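Visitor:
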Amino acid sequence: MRLKIATIKNAIYIFLLHGLISLAGISIASAQQSEEILKAAFIYNFISFVDWPEPASKGNQKKLLCYVGEAGPVLAYLREIVRRHDTKDGAVSIEQKNRDATIEPCHILYISDLNKADIDYLIGKSADLPVLVVSDTNNFVERGGMVGMFMDGNKVRLEINTTSLEKSRLVIDSDLMELVRQYP
Amino acid sequence: MSHIDLFMLHRKLCLMLLISMTTLPFVVHAEENALDNLMKMSLQELQNVKVTSVSKRPEDPFEAAAAVYVVTADDIRRAGAVTIPDILRTVPGIEVAQIDTNKWAVTSRGFNGQFSNKLLVLVDGRTVYTPLFSGVFWNIQDTVLEDISRIEVIRGPGATLWGSNAVNGVINIITKGAENTQGTYISTLAGNEERVTGEARYGGKIGEDFYYRVFAKHFDRTPSQTLQGVDAGDDTYLSRTGFRADWRKTDFDKITVIGDIYSGMERQIAFLPTGLGSVRTDVDERVKGGSINSRWNHTFSKTSRLSIQTYIDHIERNTALLDQERTTFDVDIQHNWDISDRNELTWGVGYRYFQDDLDEKNINGTTYLNYTPDNSNNNIYSAFIQDKLTIVPEKLFLTLGSKFEHHYFTGLEVQPNVRVSYLITDRQTLWGAVTRAVRSPTRGEDGLDLVLSSTLSQDGSEFFKSEELVAYELGYRYQPNWRMMFDATVFYNDYDSLRTFENDGLGNLVANNNSNGEGYGFELASRYSVTRNWNLYANYSFLTLDIHLNDGATEIVDFSEKNEGLSAKHRVSLMSRVNLTKNIELDNNLYFVDNLPEADVDAYIRFDTRIGWRPTKYLELSLVGQNLFDDQHKEFSQSLYSVPSEVGRSIYGRASLRF
């Protein structure tokens, strides 16, 4: 009988401890995330901070988010975000593309491609188009890319190449501009 | 263990399970909230969220010290190909020749053939190179092409990382993670050469981090024609079903399980040598098999990552000549450790076990293919270590490494490499490499007795050892502006102990390592963007092989020097990718392949075209014409007992639905 009580006691302790750890997990989850889920959240968020010029936005409130590069976790999270948060049925859609694709219909072009040559190509190809070009590749804004995501310690930060932005005729919310590192 | 102990253990397990079950909803709830919470945050708040682990970016192919080329998922879709070899035609420097409806000869930098033995092919890290008589059964290397993430092609030796038989190249077929194949995909195609292909895939998820997909595919292809325009009797069909599951257990642990089974038929007609001349025989090959592959990736820290992969692969092929069965078990452990900013170490160990059962058949009193022994169990043990050193940051890199492999026929093989890459400017890379690689003996070269004619046979030998290569490569990549890209590689391959089959004076041609040779050439790849919506690609490769018999070699049938004439000296491909409108694509591929004197193949031009239309985001329609310039042409000769057949003009239509 003593054994039985001990077992039940143990079980209760373990249960409580386990529950506490799980609860702690929730609070940690809100402050700490994987790099990929965070980047996906940033990319999706950009939609509400950018005004696309006419005629790109004319008569078409639907936003197209284009992803160039190998299918990876960021793409999967983006699709999941759209599935859960796109309440205005079909207002945001996602397409995976490669360098040969037509990019004019894109509102946001996220480049996850690894090849420097392809990144330069996409920066060149999108120049002057009203497309917000985003990437987390090294030296992206220095290479002429528009919005770069970079790691500052263990946080994701943003930088914007203002020259590329001007050429694109996109207007970015001033709140966002205050948050980012501006280049040059 | 006593009865009571067992009872207690059982109770403990039940208790643990119960606790896990009660806390599971908390955990799942936490994961669900993670995304929702993030979406509620402002950009400023997002900038303050800490990242649990920073993933390391793989090496940029533009900076790599190897001749790397990556075929992307969209490249595959736009190639208009229905088979993996046809996709590989678009890769610079890769030799692809279709032998008949169900056989291909694929290699890089020479030594092509149905059993070309110097190219290593992997599917999600599982080798599909057959150790029985070398080469790859291309007809069974298939999946839903839409689910391939990329095909990574390395020309030149890759033995240090990949192991033996990665002598002239490595092809790595990598499928998409299940998280990126969610939803339903249905595709069907039919045409004059393609009787029908149907494929279906469904991808779903359980909980928040467990993704899966299941798929089924069936293809059925019509026979090709012989030079005389007669049905070559080589039609083929294959059904396959499989799955992939990806579980991102934590931010630091990812578990992947991939599996498939297939069954099909590769029809063929053989002309078997007899005392009364050759006799036409149907030797239809029934094929079936399957594999299961699991991988665990664990991140210890930003600088230390571990992966453990294990797979089992089973294959059965039954013909009128031979029944073969083979099972492979493999386990590989790899650890990446960034010792410092300037020092990235990769090391690993591997073990592979083969078991085969090869039963010869008797036709009209003759055994044409006879392996000795019929059954075998063999082991390969391996280890590798490679270090990438940054000599000058962002400028000069040196990679040193070696594979150590203990092979069941040859013992220890050491396969080192030295690679240097120099980033001249941000848009120019110069690289060089010196590598040693070996091609290990197959079961056939050890103990196969093969009837060549009524008086001659070709035999394996227990004394046959590995073929050896020391390769010297130099490459240059340049991107002058966004419209242009240029990639050039020159190579010099020094081969030794190449295979010969020598006369023993008794009518037996016995395997030996009595020739050597040089292969040299260059490969050029380029891209030019005419407009934003029109890209042109031009590739050219030049190859020369010189094979010399050693003094005293007694080849009465030319086996080794024949290789000089089995690879084209000049190959050109021109490709165009045009977006006519935002949902209409026009893609053209033009190939020139020089003659193959030893395969009796004339130089030919092949033209493939595809027009694709996406009327809605759910539907894609395409019309493809392959080999449009001529009714039919010959691309290769099969080596054994076969009638040469020709590749015909193929036109097919395809409809794909994604939802």
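For the protein sequence lines, the chains are H and P, in the order given.
Residue numbers for the first sequence follow my numbering, so the first one is 1184 and each next one is one higher.
Residue numbers for the second sequence follow my numbering, so the first one is 4 and each next one is one higher.
In this text, a Cβ means the ideal position worked out from N, Cα and C, and glycines have one as well.
Bear in mind that the values here come from a model prediction, so they are computed numbers and not experimental data.
Which residues, in chain order, does the segment 1275-1288 of chain H contribute to contact with chain P at a C-beta distance below 9 Å?
Guide: Listed by position, the residues of the segment 1275-1288 of chain H near chain P (Cβ gap below 9 Å) are 1276, 1278, 1279, 1280, 1281, 1282, 1283, 1284, 1285, 1286, 1287, 1288.
Visitor: With residue 517 of chain P and residue 472 of chain P assumed to form a contact (beta carbons below 8 Å), what rounded beta-carbon distance in angstroms separates them?
Guide: Counting from one through the second sequence, the residue named residue 517 of chain P turns up at place 514. Counting from one through the second sequence, the residue named residue 472 of chain P turns up at place 469. No, residue 517 of chain P and residue 472 of chain P are not in contact; Cβ-Cβ is about 16 Å, not under 8 Å.
Visitor: Among residues of its own chain, excluding the 5 on either side of residue 274 of chain P, which ones have a beta-carbon nearer than 8 Å to its beta-carbon?
Guide: Along the second sequence, read from residue 1 onward, the residue named residue 274 of chain P stands at position 271. Cβ neighbours of residue 274 of chain P beyond the five flanking positions: 281, 282, 283, 284, 644, 645, 646.
Visitor: Who does residue 214 of chain P pair with in a DSSP beta bridge?
Guide: In the second sequence, residue 214 of chain P corresponds to position 211, counting from 1. P:208, P:249.
Visitor: If we ignore side chains and look at the alpha-carbon of each, how far apart do residue 1208 of chain H and residue 1221 of chain H end up?
Guide: Residue mapping note: residue 1208 of chain H aligns to position 25 of the first sequence, counting from 1. Residue mapping note: residue 1221 of chain H aligns to position 38 of the first sequence, counting from 1. Annotation note: pLDDT 39 at residue 1208 of chain H (below 50); position unreliable, coordinate value reported separately. One C-alpha to the other measures close to 17 Å.
Visitor: Given this structure, state the Cα-to-Cα distance separating residue 250 of chain P from residue 182 of chain P, to the nearest angstrom.
Guide: Along the second sequence, read from residue 1 onward, the residue named residue 250 of chain P stands at position 247. Along the second sequence, read from residue 1 onward, the residue named residue 182 of chain P stands at position 179. Cα-Cα distance, rounded: 9 Å.
Visitor: In this structure, how does DSSP classify residue 553 of chain P when only helix, strand and coil are distinguished?
Guide: For the purposes of this step, residue 553 of chain P is identified with residue 550 of the second sequence, where counting begins at 1. Coil at residue 553 of chain P, not helix or strand.
Visitor: Should residue 1297 of chain H be flagged as near chain P, meaning a C-beta pair shorter than 8 Å?
Guide: Counted from its first residue, the first sequence places residue 1297 of chain H at position 114. By this cut-off, residue 1297 of chain H is an interface position.
Visitor: If you measure between the beta carbons of residue 620 of chain P and residue 1288 of chain H, is that distance less than 8 Å?
Guide: Your numbering for residue 620 of chain P matches position 617 in the second sequence. Your numbering for residue 1288 of chain H matches position 105 in the first sequence. No, the pair does not count as a contact, with Cβ atoms beyond the cut-off.
Visitor: For residue 495 of chain P, name the three-state secondary structure that DSSP assigns.
Guide: Within the second sequence, numbered from 1, the residue matching residue 495 of chain P stands at position 492. DSSP places residue 495 of chain P in strand when its eight states are reduced to three.
Visitor: Does any CB atom of chain H fall closer than 8 Å to the CB of residue 58 of chain P?
Guide: On the second sequence, position 55 is the one that residue 58 of chain P refers to. Chain H contact via Cβ: present.
Visitor: Where DSSP assigns a beta bridge to residue 1345 of chain H, which residues make up the other side?
Guide: One-based indexing of the first sequence puts residue 1345 of chain H at position 162. Per DSSP, none; premise fails for residue 1345 of chain H.
Visitor: If contact means a Cβ-Cβ distance below 8 Å, which residues of the segment 474-506 of chain P contact chain H?
Guide: Against chain H - using a Cβ distance shorter than 8 Å - the residues of the segment 474-506 of chain P are 480, 482, 484, 485, 486, 488.
Visitor: Starting from residue 1301 of chain H and walking both ways along the alpha helix (DSSP H), at which residues does that stretch end?
Guide: Counting from one through the first sequence, the residue named residue 1301 of chain H turns up at place 118. Residue 1301 of chain H -> alpha helix (DSSP H) spans 1299-1309.
Visitor: Thinking C-alpha only, which one of P:561, P:389, P:547 is nearest residue 505 of chain P?
Guide: For the purposes of this step, residue 505 of chain P is identified with residue 502 of the second sequence, where counting begins at 1. Selected option, being the one with the closest Cα: P:561.
Visitor: Assign residue 656 of chain P to buried or exposed, taking buried as 16 or more other Cβ atoms, counted over all protein chains shown, within 10 Å of its Cβ.
Guide: Taking the first residue of the second sequence as position 1, residue 656 of chain P is located at position 653. Residue 656 of chain P is exposed by the Cβ-count criterion.
Visitor: Would you call the segment 629-644 of chain P and the segment 602-613 of chain P touching, i.e. three or more CB-CB distances under 8 Å?
Guide: Judged by Cβ distances under 8 Å, the segment 629-644 of chain P makes contact with the segment 602-613 of chain P, as three or more pairs qualify.
Visitor: CA-CA distance, residue 660 of chain P and residue 1226 of chain H?
Guide: Counted from its first residue, the second sequence places residue 660 of chain P at position 657. Counted from its first residue, the first sequence places residue 1226 of chain H at position 43. Distance between the alpha carbons of residue 660 of chain P and residue 1226 of chain H: 27 Å.
Visitor: What are the boundary residues of the alpha helix (DSSP H) that includes residue 1256 of chain H?
Guide: In the first sequence, the residue the question calls residue 1256 of chain H occupies position 73. Taken as a continuous stretch (DSSP letters only), the alpha helix (DSSP H) holding residue 1256 of chain H covers 1256-1268.
Visitor: Anything in chain H within Cβ reach of residue 180 of chain P, meaning under 9 Å, just list it in chain order.
Guide: Position 177 of the second sequence, counted from the first residue, corresponds to residue 180 of chain P. Those are 1254, 1255, 1256, 1259, listed as they occur along chain H.
Visitor: Skipping 5 residues on each side, what residues in its chain have a beta carbon closer than 6 Å to that of residue 1333 of chain H?
Guide: As a working note, residue 1333 of chain H is residue 150 in the first sequence. Correct list, in chain order: 1340.
Visitor: Would you kindly check if the distance between the Cβ of residue 361 of chain P and the Cβ of residue 327 of chain P is under 8 Å?
Guide: Against the second sequence, residue 327 of chain P aligns to sequence position 324. Against the second sequence, residue 361 of chain P aligns to sequence position 358. In contact: residue 327 of chain P and residue 361 of chain P (Cβ atoms closer than 8 Å).
Visitor: Do the CB positions of residue 155 of chain P and residue 177 of chain P come within less than 8 Å of each other?
Guide: Start at 1 with the first residue of the second sequence, and residue 155 of chain P comes out as number 152. Start at 1 with the first residue of the second sequence, and residue 177 of chain P comes out as number 174. A contact, by the Cβ cut-off of 8 Å.
Visitor: Looking at the unbroken alpha helix (DSSP H) that takes in residue 1360 of chain H, where does it start and where does it end?
Guide: In the first sequence, counting from the first residue as 1, residue 1360 of chain H sits at position 177. Where residue 1360 of chain H is concerned, the enclosing alpha helix (DSSP H) stretches over 1357-1362.
Visitor: Report yes if the CB atom of residue 1260 of chain H is closer than 8 Å to the CB atom of residue 1300 of chain H, and no otherwise.
Guide: Here residue 1260 of chain H refers to the residue found at position 77 of the first sequence. Here residue 1300 of chain H refers to the residue found at position 117 of the first sequence. It is not a contact, given that the beta carbons lie outside the stated cut-off.
Visitor: Report the CB separation of residue 218 of chain P from residue 197 of chain P in whole angstroms; it is logged as a contact under 8 Å.
Guide: Within the second sequence, the letter at position 215 stands for residue 218 of chain P. Within the second sequence, the letter at position 194 stands for residue 197 of chain P. Contact flag wrong, Cβ pair sits at about 19 Å.
Visitor: Taking 8 Å as the CB-CB limit, is residue 538 of chain P close to chain H?
Guide: The count along the second sequence starts at 1 and reaches residue 538 of chain P at position 535. Closer than 8 Å to some Cβ of chain H, the Cβ of residue 538 of chain P qualifies, so yes.
Visitor: So the candidates are P:351, P:92, P:76; which of them puts its Cα closest to the Cα of residue 1251 of chain H?
Guide: The sequence position of residue 1251 of chain H within the first sequence is 68, counting from 1. When only C-alpha atoms are compared, the closest one is P:76.
Visitor: Determine which residues share a DSSP beta bridge with residue 1249 of chain H and list them.
Guide: Numbered from 1 along the first sequence, position 66 holds the residue referred to as residue 1249 of chain H. H:1278, H:1292.
Visitor: Figure out for me which residue from P:446, P:56, P:636 has the closest Cα to the Cα of residue 308 of chain P.
Guide: Locating residue 308 of chain P in the second sequence gives position 305, counting from the first residue. Per the Cα distances, P:56.
Visitor: Residues of chain H with a CB under 7 Å from the CB of residue 47 of chain P: which are they?
Guide: Locating residue 47 of chain P in the second sequence gives position 44, counting from the first residue. Result: 1362.
Visitor: How is residue 1227 of chain H classed by DSSP in three states: helix, strand or coil?
Guide: Position 44 of the first sequence, counted from the first residue, corresponds to residue 1227 of chain H. In the structure shown, residue 1227 of chain H sits in a helix (DSSP, three-state: H, G or I).
Visitor: Taking only three categories from DSSP, how would you classify residue 658 of chain P?
Guide: Taking the second sequence and counting its residues from 1, the one referred to as residue 658 of chain P is at position 655. Three-state DSSP puts residue 658 of chain P in a strand.
Visitor: Of the choices P:477, P:244, P:463, P:389, whose alpha-carbon is the least far from that of residue 164 of chain P?
Guide: Locating residue 164 of chain P in the second sequence gives position 161, counting from the first residue. Of the listed residues, the one whose Cα sits closest to residue 164 of chain P is P:389.
Visitor: Rounded to the nearest angstrom, how far is the Cβ of residue 96 of chain P from that of residue 111 of chain P, given a contact under 8 Å?
Guide: Here residue 96 of chain P corresponds to residue number 93 of the second sequence, with the count starting at 1. Here residue 111 of chain P corresponds to residue number 108 of the second sequence, with the count starting at 1. With 8 Å as the limit, residue 96 of chain P and residue 111 of chain P qualify as a contact, their Cβ atoms being about 6 Å apart.
Visitor: On the DSSP bridge assignment, give the partners of residue 1337 of chain H in chain order.
Guide: Position 154 of the first sequence, counted from the start, is the residue given in the question as residue 1337 of chain H. Partner(s): none; residue 1337 of chain H has no beta bridge.
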